[in-house]
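Engineer:
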Amino acid sequence: MTTRRKTKLHHCTLASVPRRLKKKYPENRHDFPILRRALLLLHQLHNNSTSTQQPTMPSRILLQDGGHDARHRPSLSLSRRLKHFTWSWFECTMSTGALATLLGQQPFSFTGLKTIGKVFFILDLVLFLTFCGLIAFRFARYPGSLTRSLHHPHESFFFGTFWVSIALILYCIQLYGVPSTGPWLVKALEVCFWGYSGLVLLVAVFQYHIIFDLEKLPVFEAMPAWILPVYPFLVLGPLAAVLEYSQPQTSALPIMLGGLCFQGLGWSIALIMYTIYVTRLINSELPEPSKRPAMFVAVGPSDLKS
12 MTTRRKTKLH
22 HCTLASVPRR
32 LKKKYPENRH
42 DFPILRRALL
52 LLHQLHNNST
62 STQQPTMPSR
72 ILLQDGGHDA
82 RHRPSLSLSR
92 RLKHFTWSWF
102 ECTMSTGALA
112 TLLGQQPFSF
122 TGLKTIGKVF
132 FILDLVLFLT
142 FCGLIAFRFA
152 RYPGSLTRSL
162 HHPHESFFFG
172 TFWVSIALIL
182 YCIQLYGVPS
192 TGPWLVKALE
202 VCFWGYSGLV
212 LLVAVFQYHI
222 IFDLEKLPVF
232 EAMPAWILPV
242 YPFLVLGPLA
252 AVLEYSQPQT
262 SALPIMLGGL
272 CFQGLGWSIA
282 LIMYTIYVTR
292 LINSELPEPS
302 KRPAMFVAVG
312 PSDLKS
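This note's numbering runs 11 ahead of the 1-based position in the sequence shown.
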């Protein structure tokens, strides 16, 4: 019996070893962090002693970040990187457009300040068109990514930043374009205002329908980004206020009333989301470090309302 048991133990193969042991005791000696650091130190001492000698292949491998084998690390192409280009990038065009609007409405302005505002407006247009091209490439290159982006529990809310960027572009066109063009641009902005209002209303209904019907988001994960689907409504109020100055009286009054109604609708929903978000902060902990920058979204609705 003893001989048979020894024979069985002797003929044990690697397949019979549990996976836990395989992970704990890797076959490659470079997977041990202590041994890897020791080898790295020895190679550094050897390189210091030889001034002109080039490091060997194992030395170059060990000098990589973290000691990983660079030969087995695949380099990502541009198309693979664009797979992770999300809607949140349009926050950049939001901030650039907002800066252009502020520079164009200063009470004590001068020609140089107007020029700086126009530069930021052109930069905003270039960034917006670039981001649209990049995210369109992502959706065309990876089929189904558009649907997944609108159903993602975090990325889908930032779809509203795309529409806010469009509203700020219309705002800048009114500031910098109307004084230099004819009445045709005034009429075009009126049409764009009502068309934009209808589109953002459909987008808000569509997004919240997906959230209410197809997704289940726990309250302890509430974020201010939940306001973003109605964020374009909050921008419609200031947009209507700046458009009515150049519109004829028959068009200015409906634009003003429409802007007030849409902004009131956006503020009502934002106030409800504020309640959910504050409840989450009281009953739970802070968001993950990667999501904490999105907490500044809570400042926007109150700012636009004032």
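Built from N, CA and C at the ideal position, the CB exists for glycine as well. Note that the structure is predicted; figures quoted are calculated from it, not measured.
1. In angstroms, rounded to a whole number, what distance separates the CA positions of GLU102 and THR172?
2. What does the alpha-carbon distance come out to for the pair PRO154 and THR97?
3. In whole angstroms, what separates the C-alpha of ALA305 from that of VAL175?
4. Out of ILE133, PRO118 and LEU114, which one is the CA nearest neighbour of LYS125?
5. Within 10 angstroms of the Cβ of PRO240, are there 16 or more other Cβ atoms? Answer buried if so, exposed if not.
6. Check GLU201 in the structure and name its three-state DSSP category.
7. Between which two residues does the alpha helix (DSSP H) containing MET267 stretch?
8. So the candidates are LEU245, CYS183, THR192 and SER257; which of them puts its Cα closest to the Cα of CYS272?
9. Grouping DSSP H, G and I as helix and E and B as strand, with all else coil, what is TYR182?
10. TYR182 and LEU250 look like a contact to me (Cβ under 8 Å); what is the Cβ gap, rounded to whole Å?
11. What whole-angstrom Cβ distance do ALA199 and PRO243 have, given they're in contact under 8 Å?
12. In the structure shown, what three-state DSSP assignment does ALA233 receive?
13. Helix, strand or coil for TYR219 per DSSP?
14. State yes or no: is the C-beta of TYR187 within less than 8 Å of the C-beta of LYS227?
15. Compute the beta-carbon to beta-carbon distance between PRO312 and TRP278, rounded to the nearest angstrom, for a pair I have assumed lies under 8 Å.
16. Where SER301 and ASP224 are concerned, what is the direct C-alpha to C-alpha distance, given to the nearest angstrom?
17. Once you ignore the five residues that flank ALA215 on each side, which residues in its own chain have a CB closer than 6 Å to its CB?
18. Alpha carbon to alpha carbon, how far is ILE180 from LEU196? Give it in angstroms, no decimals.
19. Let me know the secondary structure DSSP gives LYS302 once reduced to three states.
20. Using only the alpha-carbon positions, how far apart do SER160 and ILE221 sit?
21. Quick one: using the 10 Å Cβ neighbour count with 16 as the cut-off for buried, is TRP237 buried or exposed?
22. Apart from the five residues on each side of it in sequence, which residues of its chain come closer than 7 Å, Cβ to Cβ, to GLN258?
23. Do THR104 and PHE131 come within 8 Å of each other at the CB atom, strictly closer than that value?
24. Hey, how far is the Cα of SER90 from the Cα of SER99?
25. Give me the Cβ distance between LYS204 and ASN294, rounded to the nearest whole Å; I'm assuming they're in contact under 8 Å.
26. Exposed or buried, what is THR290 when buried is set at 16 or more other beta-carbons lying within 10 Å of its beta-carbon?
27. Thinking C-beta only, is GLY270 closer than 8 Å to LEU247?
28. Whole angstroms is fine: what's the gap from GLY193's alpha carbon to LEU157's?
29. Go to LYS129, then tell me how far its alpha helix (DSSP H) extends in each direction, as first and last residue.
30. Using the C-alpha atoms, what's the distance from THR112 back to LEU210?
31. Do the CB positions of ILE287 and ALA233 come within less than 8 Å of each other?
Structural biologist: Reading off the structure:
1. 6 Å
2. 15 Å
3. 16 Å
4. LEU114
5. buried
6. helix
7. 260 to 294
8. LEU245
9. helix
10. 5 Å
11. By a beta-carbon distance limit of 8 Å, ALA199 does not contact PRO243. Their separation comes to about 19 Å.
12. coil
13. helix
14. no
15. 6 Å
16. 27 Å
17. PRO240 and VAL241
18. LEU196 and ILE180: Cα-Cα distance of roughly 14 Å.
19. helix
20. 12 Å
21. buried
22. Cβ neighbours of GLN258 beyond the five flanking positions: VAL197, GLU201 and ILE266.
23. no
24. 18 Å
25. Note on identity: in this sequence residue 204 is Phe, with Lys being the wrong assignment. The beta-carbon distance between PHE204 and ASN294, rounded to whole angstroms, is 41 Å. This is too long to meet the 8 Å contact definition.
26. exposed
27. yes
28. 39 Å
29. 122 to 152
30. 23 Å
31. yes
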